[in-house]
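Colleague: Residue numbering for the sequence shown follows our numbering, beginning at 16 and increasing consecutively.
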Amino acid sequence: MYLYMGVIVPSFLILTISVALYKRQYWGAPERITYYFLLISLLFNLIAVSTAYLKIKNLPFLHLYTVLEFCTLSLLFKSLLKGKVINNILSISIVLFPIVAIGYIGYNDALYKHNVLPRFLSSMSITILCVYFLIRDLTQIKDNQSVFSFMVIVGLLLYFATCSTLFGFSSKIMEMPDKINDLLWNIHASMALIMYLIFAYAYFKLNRQHG
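#1: Let me know if E190 comes out buried or exposed under the rule of 16 or more other beta-carbons within 10 Å of its beta-carbon.
#2: From what residue to what residue does the alpha helix (DSSP H) around L136 run?
#3: Can you confirm whether the segment 98-113 touches the segment 50-60 when touching is taken to mean that 3 or more C-beta pairs between the two stretches lie within less than 8 Å?
#4: Under 8 Å between the Cβ atoms of L173 and M206?
#5: With burial defined as no fewer than 16 other Cβ atoms inside 10 Å of the residue's Cβ, what is the status of I23: buried or exposed?
#6: Would you say V131 reaches chain D, if we count a Cβ-Cβ gap shorter than 8 Å as a contact?
#7: Specify, as a first and last residue, the run of the alpha helix (DSSP H) that W200 falls within.
#8: What is the DSSP secondary structure of I71, reduced to helix, strand or coil?
#9: Hey, out of I168, T180, I48, whose CA is closest to R134's CA?
#10: Could you compute how far the alpha carbon of S137 sits from the alpha carbon of K70?
#11: Answer yes or no: do L90 and I48 have a C-beta to C-beta separation smaller than 8 Å?
#12: Inspect the CB distances between the segment 198-213 and the segment 22-37 and report whether three or more fall short of 8 Å.
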């Protein structure tokens, strides 16, 4: 399990970042923000692996990662979804979500506990935004940038839609027998790996048509 989650999956994340950098000259706003999301994911993957190896509690880092992940992906959707109402909603969410996350920690004394509610709210919100994007823009995939955005949103949807239940019940999952616990978190890691591969392909397909 450690080899898969701690070495193999992060290795594919590094591969995706490398492909993104290779295609840097073709970036627009969505490509740049997605790259930042990948960097944040890599940083916290390394923190999680290191703290797990050293047997240090890393849940405070999970709280921070949840906030950064949500805010970064909200910025991604702001770059993709053109419209005053949806952009205002996303702007408000970027301000409100950290407040909710911090309030959850304070109210539940949850700094060293799983952030069940913020993680679930974040994953469900991102899933809904992905579905909204696909419904609204599915017929408008015309150019290279649109194809990139479509593929990234599909990757995000596969990951967050599948893992929302895991995030919502993470504290209960930790109480399950080790074999079930390991299976569920291996599924989570596998969905992350699939998402990274989709992102890598999306970056790889960028070409001069983008500009």
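Even glycine gets a Cβ: it sits at the ideal position worked out from N, Cα and C.
All values reported here derive from a predicted model rather than from experimental measurement.
Modeller: So, from the data block:
#1: It counts as exposed.
#2: 131-152
#3: no
#4: yes
#5: Label assigned to I23: exposed.
#6: In the structure shown, chain D does not exist; there is a single protein chain.
#7: Per DSSP, W200 belongs to the alpha helix (DSSP H) from 193-219.
#8: coil
#9: T180
#10: Straight-line Cα distance between these residues: approximately 27 Å.
#11: yes
#12: yes
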